[in-house]
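The block underneath contains the structure these notes are about, expressed in structure tokens.
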Amino acid sequence: MQTELGAPVTVALTGASGAQYGLRLIEALVAADHQVWVMISKAAHLVIATETDRELPARPARLAEVLTERSGAAPGQIRCFGREEWMAPVASGSGAPSAMVICPCSTGTLSAVATGASNNLIERAADVALKERRKLILVPRETPFSAIHLEHMLALTRMGAVILPAAPGFYHQPASIDDLVDFIVARILNQLGIAHRLMSRWGEA
Ligand SMILES: Cc1cc2nc3c(=O)[nH]c(=O)nc-3n(C[C@H](O)[C@H](O)[C@H](O)COP(=O)(O)O)c2cc1C
15 MQTELGAPVT VALTGASGAQ YGLRLIEALV AADHQVWVMI SKAAHLVIAT
65 ETDRELPARP ARLAEVLTER SGAAPGQIRC FGREEWMAPV ASGSGAPSAM
115 VICPCSTGTL SAVATGASNN LIERAADVAL KERRKLILVP RETPFSAIHL
165 EHMLALTRMG AVILPAAPGF YHQPASIDDL VDFIVARILN QLGIAHRLMS
215 RWGEA
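Counting from 15, one number per residue, gives the positions in the sequence shown under our numbering.
This is the structure we're talking about:
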């Protein structure tokens, strides 16, 4: 692996609509020369197959190969972990990166994170991020939201997590779906403090 790569960022895709946001985020982090540690839930695999023209392999080693190829990542820049890979670094405060993004975030995973369920590696990694007071960004997509969803979002915000709904603005006059996707990915990168050229910031030319 190249030693000049930036710190790892954990990216988890769960089974909410909007797989494109997560896949584009991985590409953008690779382009920004960060290591990306990826987890994809079983439901997310189904959503990816439904919403995109590709199916991704379930086996983490093969998944890493495919994501590396499609994003042009350097060898080792992308690592993938399985649903119950409890020995993975993200499962412990001593090994987990300083930032994790769940994008898109299903209301199921939102609930599990808010209540500390830790029943799979995605939920455990988020639990670690919360207990270690690290950056945790959740990108929920559902409409309308129930009181359960809203209460979980408020609870997570109060714990220090960032709720960044998949709700792109239209004031930049998007010409394509890619523009809408980039709107959200740019907001996530802003939260992570990672420079990008996806969209100019408000007030910039
Ligand atoms: C095509 C498709 C779209 C879905 N869209 C959403 C959604 O937008 N938001 C949501 O919270 N759940 C959505 N679901 C349901 C979740 O995938 C389901 O609740 C699942 O148990 C979530 O599991 P996970 O959190 O482990 O990924 C969708 C499921 C499918 C198959």
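Idealized CB from N, CA, C, for every residue including glycine. This one's a predicted model, so the numbers in the text were calculated from it and none came from an experiment.
- Distance from the Cα of E218 is smallest, within the candidate group L19, L60, H186, for H186.
- A heavy atom of ligand 1 is found nearer than 7 Å to the CB of L60.
- Between H48 and G20, the beta carbon gap of about 4 Å places them in contact (Cβ cut-off 8 Å).
- T66 has its CB no nearer than 7 Å to any heavy atom of ligand 1.
- Boundaries of the alpha helix (DSSP H) around Q34: 33-45.
- When DSSP reads this structure, W100 sits in no beta bridge, so it has no partner.
- For A189, the three-state secondary structure derived from DSSP is coil.
- Here DSSP, grouped into helix, strand and coil, assigns P74 to helix.
- Ligand 1 never approaches E99 closely enough for any of its heavy atoms to be under 7 Å from the residue's Cβ.
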